[in-house]
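K.L.:
Under the numbering used here, the first residue of the sequence shown is numbered 14, with each subsequent residue one higher.
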Amino acid sequence: MMVLPLTVPHCVTRDDEYKGFFIPAGSIIIVNAWSVLHDLDVFSEPETFKPERFIRDGCLDSSVRNPLKYAFGLGRRSASLFMTIASALHT
(Lines of atoms letter the chains of each structure in order from A and count residues from 1; the text may use other names and numbers.)
(Lines give C-alpha, C1' and ligand atoms only; values in the text may rest on other atoms or scores of the structure.)
Protein backbone atom coordinates (compact mmCIF):
# COMPACT_ATOMS: atom_id res chain seq x y z
CA MET A 1 0.00 0.00 0.00
CA MET A 2 1.09 3.55 -0.64
CA VAL A 3 2.34 5.73 2.20
CA LEU A 4 -0.49 8.16 1.52
CA PRO A 5 -3.21 6.75 -0.72
CA LEU A 6 -4.63 10.14 -1.60
CA THR A 7 -3.85 12.69 -4.27
CA VAL A 8 -3.24 16.41 -3.78
CA PRO A 9 -6.41 18.25 -2.66
CA HIS A 10 -8.21 20.34 -5.27
CA CYS A 11 -10.70 23.15 -4.67
CA VAL A 12 -13.83 23.21 -6.82
CA THR A 13 -14.08 26.65 -8.45
CA ARG A 14 -17.76 26.45 -9.43
CA ASP A 15 -20.76 24.29 -8.65
CA ASP A 16 -20.54 20.91 -10.34
CA GLU A 17 -22.24 17.54 -10.46
CA TYR A 18 -20.58 14.14 -10.66
CA LYS A 19 -22.58 10.94 -11.10
CA GLY A 20 -25.64 12.57 -9.57
CA PHE A 21 -23.78 14.14 -6.63
CA PHE A 22 -23.88 17.91 -6.27
CA ILE A 23 -20.48 19.46 -5.47
CA PRO A 24 -20.74 23.11 -4.39
CA ALA A 25 -18.08 25.67 -5.31
CA GLY A 26 -15.36 25.89 -2.68
CA SER A 27 -15.49 22.18 -1.83
CA ILE A 28 -12.17 20.41 -1.33
CA ILE A 29 -11.88 17.22 -3.40
CA ILE A 30 -9.30 14.51 -2.64
CA VAL A 31 -9.14 11.51 -4.97
CA ASN A 32 -8.40 8.15 -3.36
CA ALA A 33 -5.54 7.03 -5.64
CA TRP A 34 -5.35 3.59 -4.03
CA SER A 35 -8.97 2.92 -4.96
CA VAL A 36 -8.48 4.17 -8.53
CA LEU A 37 -5.35 2.04 -9.02
CA HIS A 38 -7.08 -1.07 -7.61
CA ASP A 39 -10.22 -0.86 -9.77
CA LEU A 40 -10.74 -4.41 -11.08
CA ASP A 41 -12.60 -3.03 -14.10
CA VAL A 42 -9.39 -1.28 -15.18
CA PHE A 43 -6.51 -3.32 -13.74
CA SER A 44 -6.94 -7.08 -13.42
CA GLU A 45 -5.07 -8.49 -10.43
CA PRO A 46 -3.96 -5.07 -9.16
CA GLU A 47 -2.02 -6.60 -6.24
CA THR A 48 0.19 -8.62 -8.62
CA PHE A 49 3.32 -7.15 -10.20
CA LYS A 50 2.69 -7.78 -13.90
CA PRO A 51 4.65 -5.36 -16.12
CA GLU A 52 3.57 -7.37 -19.17
CA ARG A 53 0.07 -5.93 -18.78
CA PHE A 54 1.46 -2.66 -20.22
CA ILE A 55 3.28 -4.23 -23.18
CA ARG A 56 1.96 -5.53 -26.49
CA ASP A 57 4.20 -6.77 -29.30
CA GLY A 58 7.30 -5.50 -27.48
CA CYS A 59 6.00 -1.92 -27.15
CA LEU A 60 4.04 0.01 -24.56
CA ASP A 61 0.33 -0.64 -25.02
CA SER A 62 -1.35 2.77 -25.26
CA SER A 63 -4.79 1.21 -24.73
CA VAL A 64 -3.90 0.38 -21.10
CA ARG A 65 -4.32 3.22 -18.64
CA ASN A 66 -1.04 4.56 -17.32
CA PRO A 67 -1.07 4.28 -13.51
CA LEU A 68 1.41 7.17 -13.19
CA LYS A 69 -1.38 9.51 -14.29
CA TYR A 70 -3.22 8.61 -11.08
CA ALA A 71 -0.32 8.03 -8.71
CA PHE A 72 0.95 11.62 -8.99
CA GLY A 73 -2.43 13.32 -8.90
CA LEU A 74 -5.11 14.29 -11.35
CA GLY A 75 -5.83 17.45 -13.25
CA ARG A 76 -3.65 20.20 -14.61
CA ARG A 77 -1.10 20.15 -11.77
CA SER A 78 -0.27 16.43 -11.93
CA ALA A 79 2.72 16.96 -14.24
CA SER A 80 4.22 19.63 -11.98
CA LEU A 81 3.85 17.34 -8.96
CA PHE A 82 5.59 14.53 -10.87
CA MET A 83 8.46 16.85 -11.83
CA THR A 84 8.81 18.11 -8.25
CA ILE A 85 9.04 14.57 -6.91
CA ALA A 86 11.42 13.48 -9.69
CA SER A 87 13.68 16.49 -9.01
CA ALA A 88 13.72 15.78 -5.28
CA LEU A 89 14.62 12.14 -5.85
CA HIS A 90 17.33 13.06 -8.34
CA THR A 91 19.21 15.35 -5.94
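Note that CB positions come from ideal geometry on N, CA and C, so glycine has one too.
Would you check if the distance between the CB atom of D28 and the CB atom of P37 is smaller than 9 Å?
P.N.:
The answer is yes: Cβ separation under 9 Å.
K.L.:
Among the residues of its own chain, which have a CB less than 6 Å from the CB of S40, if the five just before and after it don't count?
P.N.:
Hits under 6 Å: V25.
K.L.:
Hey, out of G71, S100, F67, whose CA is closest to A78's CA?
P.N.:
At residue 78 the sequence reads Arg, which differs from the Ala that was named. Checked all of G71, S100, F67; the closest Cα to R78 is F67.
K.L.:
Out of S76, L73, P80, D74, which one is the CA nearest neighbour of W47?
P.N.:
Closest by alpha carbon: P80.
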